[in-house]
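So the structure is just underneath, and the comments pick up after that.
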Amino acid sequence: MEKLSRIHVRAFDFMLRDGLKRMVKYLVPSEFICPNGDVCELRVEFLEIGNPRHDKAGKPVYPHECRRQGTTYGATLRLNVRLSINGTAASVLEIPCGEVPIMVLSRACNLSKLNRAEFPKHLEEEREIGGYFIVNGKERVLRLLIMTRRNFPLAISRPSFKRRGSGYSEFAIIMRCVREDEAVSTMMLHWLMNGEPVLAFIVEREQFFVPISILLRAMVNKTEFEMFDDIRRGSGESLSLEETAMRILVRLKDEDYSSQTRALSYMGRLFRGRMRLPTNATDEDAGIFLIRRYIGIHLDSFVDKYHLLCFMIRKLHAFVSGQCCEETNDNLMFQEVLLPSTLYLQVLREKIRQLLDNTKDHILARSRKSKVKINSTLLQQSLLSRAPEIGSAMTYLLCTGNLPPTLRSDLAAQFGGQASGLSVPADNVNFLRLAAQFRAVHRGALFTDIRTTSVRRLLPEAWGFICPVHTPDGAPCGLLNHLAEPVEAVCETPKHSTNDALAAWLTSNKLRSVELSRQLSGVTEAQNALPVLLDGRLVGWLSSLIEAEQLADELRDLKLDTQSKHVPYSLEIALVPPTDVGSQYPGLFLFTGGSRLLRPVKNVRHGNQPEVGGLVEWIGTFEQPYLDIAVTQEELQERPEDVQSHMELTPDGIFSFVAGLTPYQDFNQSPRNMYQCQMAKQTMGHSCYTWRHRSDVKAYRLLTPQSPLVRTKTYVKYDIDHYPLGFNAIVAVMSYTGYDMEDAMVINKGSYERGLAGACIYKSEVLDLSVLNKQAISKSQGFARRKTVAAEHYFGTPNQPPPGLDWDGFPPVGTRLEPGVSALYCYTHVETQHTTIVKYEGGEQIAYVDAISLNGSWSHATITLRLPRPPDIGDKYSSRHGQKGINSLLVPSDEMPWSVTSGVVPDLIFNPHGFPTRMTMGMMVEFLAGKSAALTGKRVDATPFQWTEDNPPFTDYCRQLADCGFNYWGTEMMMSGCNGRQLEAHIYIGVVYYQRLRHMVADKYQVRSQGRFDPILRQPIKGRKVGGGIRLGEMERDCLLSQGLSFTLQDRMVDSNCDTVTMLACKKCGSLVHTDLARNVSSNEELSTSFFGVSAIGSAESSGPFNRHLWSCRLCDRTEVDSSFIGNTKAHLKRVRVSAAFRYLVYELSCMNIQTHLTLSDLV
1095 MEKLSRIHVR AFDFMLRDGL KRMVKYLVPS EFICPNGDVC ELRVEFLEIG NPRHDKAGKP
1155 VYPHECRRQG TTYGATLRLN VRLSINGTAA SVLEIPCGEV PIMVLSRACN LSKLNRAEFP
1215 KHLEEEREIG GYFIVNGKER VLRLLIMTRR NFPLAISRPS FKRRGSGYSE FAIIMRCVRE
1275 DEAVSTMMLH WLMNGEPVLA FIVEREQFFV PISILLRAMV NKTEFEMFDD IRRGSGESLS
1335 LEETAMRILV RLKDEDYSSQ TRALSYMGRL FRGRMRLPTN ATDEDAGIFL IRRYIGIHLD
1395 SFVDKYHLLC FMIRKLHAFV SGQCCEETND NLMFQEVLLP STLYLQVLRE KIRQLLDNTK
1455 DHILARSRKS KVKINSTLLQ QSLLSRAPEI GSAMTYLLCT GNLPPTLRSD LAAQFGGQAS
1515 GLSVPADNVN FLRLAAQFRA VHRGALFTDI RTTSVRRLLP EAWGFICPVH TPDGAPCGLL
1575 NHLAEPVEAV CETPKHSTND ALAAWLTSNK LRSVELSRQL SGVTEAQNAL PVLLDGRLVG
1635 WLSSLIEAEQ LADELRDLKL DTQSKHVPYS LEIALVPPTD VGSQYPGLFL FTGGSRLLRP
1695 VKNVRHGNQP EVGGLVEWIG TFEQPYLDIA VTQEELQERP EDVQSHMELT PDGIFSFVAG
1755 LTPYQDFNQS PRNMYQCQMA KQTMGHSCYT WRHRSDVKAY RLLTPQSPLV RTKTYVKYDI
1815 DHYPLGFNAI VAVMSYTGYD MEDAMVINKG SYERGLAGAC IYKSEVLDLS VLNKQAISKS
1875 QGFARRKTVA AEHYFGTPNQ PPPGLDWDGF PPVGTRLEPG VSALYCYTHV ETQHTTIVKY
1935 EGGEQIAYVD AISLNGSWSH ATITLRLPRP PDIGDKYSSR HGQKGINSLL VPSDEMPWSV
1995 TSGVVPDLIF NPHGFPTRMT MGMMVEFLAG KSAALTGKRV DATPFQWTED NPPFTDYCRQ
2055 LADCGFNYWG TEMMMSGCNG RQLEAHIYIG VVYYQRLRHM VADKYQVRSQ GRFDPILRQP
2115 IKGRKVGGGI RLGEMERDCL LSQGLSFTLQ DRMVDSNCDT VTMLACKKCG SLVHTDLARN
2175 VSSNEELSTS FFGVSAIGSA ESSGPFNRHL WSCRLCDRTE VDSSFIGNTK AHLKRVRVSA
2235 AFRYLVYELS CMNIQTHLTL SDLV
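Numbering follows my numbering, with no gaps: position 518 of the sequence shown is 1612.
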């Protein structure tokens, strides 16, 4: 099972082993000049992440302690910073930077040093898969995001490129350069209308555009003719390319960059203000620093950078002229995944760089203000005060999934513009839900709101890498995908020295040198040569396609040889042949970098082939489209012998881990397989064995799980019996009670009483009494390291404990808690000795105390409650074929139908109308397979793609049923339990593995007689958690009217105390009289008498005019004078009761100058 999280764990281990060292190697030191003239330098020399340990005792910390206590499972990050003054080392300071979160089961985790048999001794799962972080007691997973393939120039066409300036076209070559320390820099070579390309690159968050000719001149010291020959090499007799090369070289006549030294000085003079350089650096040094750090950063040599730019010019010209097709980055060929270690390392690098810069600014400001001499003590004080921000930033990243605010502008562009959603909770609804988090790949939150389907399409190039059915329906459909079960990712990025050794071996034995013109005398051979690129580096040329095929075959032989020194098993060999039409740019492309996706196939042609079968080869997404891979042995034999090379290991290897558990997928409608992948992750199962040692806010548990009789090879491979997800049920397909229409079903009450689908919910709460202190820590401190504050309260009571509680302030384990009645815990103030009792508030749900633990002190505890959830009417169930249904009725056993031949009474009754509309033939096959497995005692293999039309799966099952004395087709005669008569039709009955989903009525029903309401419409407020109710809207009103329930609607809208309001209505004009359309005519004190009497309208029931005024209709009585009111009874004003929604409608119409006319009459 640990294979499921292998990508995450291996990537984090690589970061701890090599990534931190490489990051320190490339960190730019912070240099500054002091007021006294000294040149100081701050350089990070060493970086280390330790193991999680207790602060005082130094004992190892294990993950269960952090889960239960609500703390972070982390280790101390230590920096060694060297201070140099005028080039002389002054001191080396060891700076603790707080605790950074540690991945569970990584090499820094204490569990990695134990045998799995010892895990239960430390209250951990024996089959713990790891790969996640624990932050504030919650498990978090860093997402795998889809990124553009590194170190490969992509031909992209975007209309937005034209808006970058005058003369720009929509054509460009984009290259995402990644260094060995995972630093990222993007280059874009734009095509201008005048034929001269311009290179765009980013320097300190700002993009600059530089003519390519200046950069070529600054990189090498060559003549114009040599540069002309390098640009046009390998492109045949292309006059337009020669013209482009001449346009590029014309600019080099300028005096500012007529030589390499002048070009470097020119570039350095322009960009030195944007880079972190010491003041004593020359312009030429600044130019060298610019090219080395911001242009083609994956290459060290300037010559290699130069040849890469020449290659990009040739490809851009071919793209513009139609000889090369567009390469969209929505294709999996040109994509990779963002590993957790890469994200972790980049955030850590930026925070360390910020630490050095902030320390430099602080020291300079203090030295200028108070004229303090800079020494190691001042530096140490400044570093220690700011170093804990690093640990806080890493905790913030994992806890919220957002980039720290100070790094958002720096790093968001490197992650495709995504600054949020980088980490997600590790949901532990069941084991499948947890495992699927580690195999999920997301395209990015940026594409969620884009109205296009191009990013959501499942292209043919994704075959075998992305599961075709495991994607959610709705908004994230096609954006959130899952890797196929055999797929792995390359977690290690090779060093430059490793690639240099492979490039040297290729050049010395197989390739022509990069300087082709000096090696070849044949003009035709030089013009039609194929380039060979190794991780974005031009390493040589091949004279013909035949020579390229021979080299590719030889590299593939060495790739399969485990003793090979130069060629790793993860080498990606992609030979793109030249074509007569505009297709992909030809060449031999080799990739060894990290973050690439690989999958295993069977190679039957290369290497030392065994007598039977073949060798397993790992292929990448780029090379797969250029390989001929057969699915089955029969398909392989149909091809010519010289073409037979590769074959799939198993036909079902295209499915993800979750999708591979679905039986008979090839017999179901595809959307039903998609629904099953989602519902399998919502199933209440047996997800762990350490319930009492966890603190999940809500955890689900199926009390009576069973092992399925019908299973797939994936189920057996991962031994899912340790975490079962459902139960075997006897299901009859029939219409019996009328309560089983479509998605509804009937459950046998006797099966329910025996424990069928019985479940419970665990709810845990971490209690910290220090938050009750008068001087509580404010939330503004964020994720900073909080100081330990002594709590002013403690659990328990010095006096006689309240009923139901012990002396420690908690109820005994197993106590039954009633909402609003039972005491949950009590605490006492240290000084006043006042005891406060907190009652259990759980709505209407009865709970039982399952576990209580004190987290190191009497002011910090965790309590876990168990809420029983027996099957109830309205709960949701599902088979493994996407057939979801609702429990609509519990029928007693004596009223259920029973079989005439065997006396079997079904557990569930499924409506037959559910099959034609959903076309889940796999479920019908499972009826037969489960029934035969129950009779023979042998489990059935239901892995897809092992049957044909000539060999259907049901023949063997039907034969076994007939041998056991049952009907061949699985039907049986049944007797009605209601009237004792034999049913006319033969009933299809068998055994099906059912799942109980976490959607239950007890969590969703909203029934109330009184409560809070909206002050305007007087409708119940929305939200079950805040005591809201069901709101009656237009659609609900129409439904009531369509059923003829007029009086019900009147009772709900008019007669109820919630919605009704009392208003004044004018009988003359038919309008409502309210504060906006009425005028007070009681200016004379003698006329200030109430028209309605005492508290007629000012009562709590009404919301009309107050009784202390005499109101009149402004529309009808506008001409009358005050004297006319003497003795007037105002009979035309009537009291009416209307709904608040109607009153609001009248208000809105009045605002638009629309009068509402009502017809009034007295009730007899």
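Beta carbons are placed, not taken as given, at the ideal position from N, Cα and C, and that holds for glycine.
### Task
Grab the span of the alpha helix (DSSP H) containing residue 2028 for me, first residue to last.
2015-2030
### Task
Identify which residue in 1497, 2120, 2089 and 2098 has its Cα closest to the Cα of residue 2104.
Nearest of 1497, 2120, 2089 and 2098 to residue 2104, Cα basis: 2120.
### Run of the beta strand (DSSP E) containing residue 1970, from where it starts to where it stops
Taken as a continuous stretch (DSSP letters only), the beta strand (DSSP E) holding residue 1970 covers 1970-1973.
### Message
Within 10 Å of its beta-carbon, does residue 2027 have 16 or more other beta-carbons around it, so buried, or fewer, so exposed?
### Response
buried
### Task
Give the single residue among 1459, 1408, 2009 and 1888 whose Cα lies nearest to the Cα of residue 1948.
1888
### Message
Suppose contacts are defined by Cβ-Cβ distances below 8 Å. Is residue 1963 in contact with residue 1793 by that definition?
### Response
With respect to residue 1793, residue 1963 sits apart: the two C-beta atoms are not nearer than 8 Å.
### Query
Could you give the uninterrupted runs of the beta strand (DSSP E) lying entirely in the region 1419-1473, keeping only those of 3 residues or more?
Taking only runs of at least 3 residues, the beta strand (DSSP E) segments lying wholly in the region 1419-1473 are 1429-1432.
### Task
Might you give, ordered along the chain, the residues of its own chain that have their beta carbon closer than 7 Å to the beta carbon of residue 1127, omitting 5 neighbours on each side?
1133 and 1373
### Message
Nearest by alpha-carbon distance to residue 1417: which of 1784, 1680 and 1147 is it?
### Response
1680
### Task
Using three-state DSSP, classify residue 1310 as helix, strand or coil.
helix
### Cα-Cα separation, residue 1640 to residue 1682
12 Å
### Query
What's the C-alpha gap between residue 1397 and residue 1209?
Residue 1397 and residue 1209 have their C-alpha atoms roughly 51 Å apart.
### Query
Taking the alpha helix (DSSP H) that residue 2238 falls in, what are its first and last residues?
Residues 2234-2245.
### Query
Roughly how many whole angstroms lie between the Cα atoms of residue 2175 and residue 2207?
Caution is warranted here: a pLDDT of 46 is assigned to residue 2175, below 50, making its placement in the model unreliable, and no coordinate value can be reported.
### Message
Buried or exposed for residue 2191, going by 16 or more other Cβ atoms inside 10 Å?
### Response
Residue placement at residue 2191 is flagged as unreliable, the pLDDT there being 35, under the threshold of 50; the coordinate-derived value follows with that caveat. Buried, because 16 or more other Cβ atoms sit within 10 Å of the Cβ of residue 2191.
### Buried/exposed call for residue 2153, threshold 16 Cβ in 10 Å
Residue 2153 should be labelled buried.
### Query
Among all the DSSP beta bridges, which residues are the ones paired with residue 1858?
1958
### Task
Tell me, please, whether the region 1272-1281 touches the region 1378-1391 by the rule of three or more beta-carbon pairs shorter than 8 Å.
Because the criterion of three Cβ pairs below 8 Å is met, the region 1272-1281 and the region 1378-1391 touch.
#### Entry: For residue 1585, the first and last residue of its enclosing beta strand (DSSP E)
Per DSSP, residue 1585 belongs to no beta strand (DSSP E) and is neither H nor E.
### Query
Measuring CA to CA, which of 1559, 1382 and 2061 is closest to residue 2080?
2061
### Query
Is DSSP giving residue 1295 helix, strand or coil here?
Here residue 1295 sits in strand by DSSP.
#### Entry: Cross-strand partners of residue 1240 (DSSP beta bridge)
The partner list for residue 1240 (beta bridge, DSSP) reads 1431.
### C-alpha distance - residue 1473 paired with residue 1157, whole-angstrom precision
Taking the straight line from one Cα to the other gives about 36 Å.
### First through last residue of the beta strand (DSSP E) which encompasses residue 1371
Where residue 1371 is concerned, there is no enclosing beta strand (DSSP E), given that its DSSP letter is neither H nor E.
### Message
Based on DSSP bridge pairs, tell me the residues matched to residue 1233.
### Response
BP columns for residue 1233 point to 1228.
### Nearest-angstrom Cα separation, counted from residue 1165 out to residue 1213
For residue 1213 and residue 1165, the gap between their C-alpha atoms comes out near 20 Å.
### Message
What does the Cβ neighbour count give for residue 1907, buried or exposed, with the cut at 16 atoms within 10 Å?
### Response
Around the C-beta of residue 1907, fewer than 16 other C-beta atoms lie within 10 Å, and the residue is accordingly described as exposed.
### Query
Who are the Cβ neighbours of residue 1700 in its own chain at under 7 Å, not counting the five residues just before and after it?
1647, 1650, 1651 and 1654
### Task
Please report how far the alpha carbon of residue 1558 lies from the alpha carbon of residue 1740, in whole angstroms.
13 Å
### Message
Does residue 1382 come out as helix, strand or coil in the three-state DSSP assignment?
### Response
Helix at residue 1382.
### Message
Let me check understanding here. Comparing Cα to Cα, which of 2102, 1303 and 1784 lies closest to residue 1260?
### Response
1303
#### Entry: First through last residue of the alpha helix (DSSP H) which encompasses residue 1357
1354-1365
### Query
Would you report the Cα separation of residue 2031 and residue 1977, rounded to the nearest angstrom?
When rounded, the distance between both Cα atoms is 26 Å.
### Task
Just the C-alpha distance for residue 1979 and residue 1729, rounded to the nearest angstrom, thanks.
A straight-line Cα-Cα distance of about 41 Å links residue 1979 and residue 1729.
### Query
Looking at the structure shown, is residue 2210 part of a helix, part of a strand, or coil, going by DSSP?
coil
### Query
Can you give the Cα-Cα distance for residue 2016 and residue 1842, rounded to whole angstroms?
One C-alpha to the other measures close to 24 Å.
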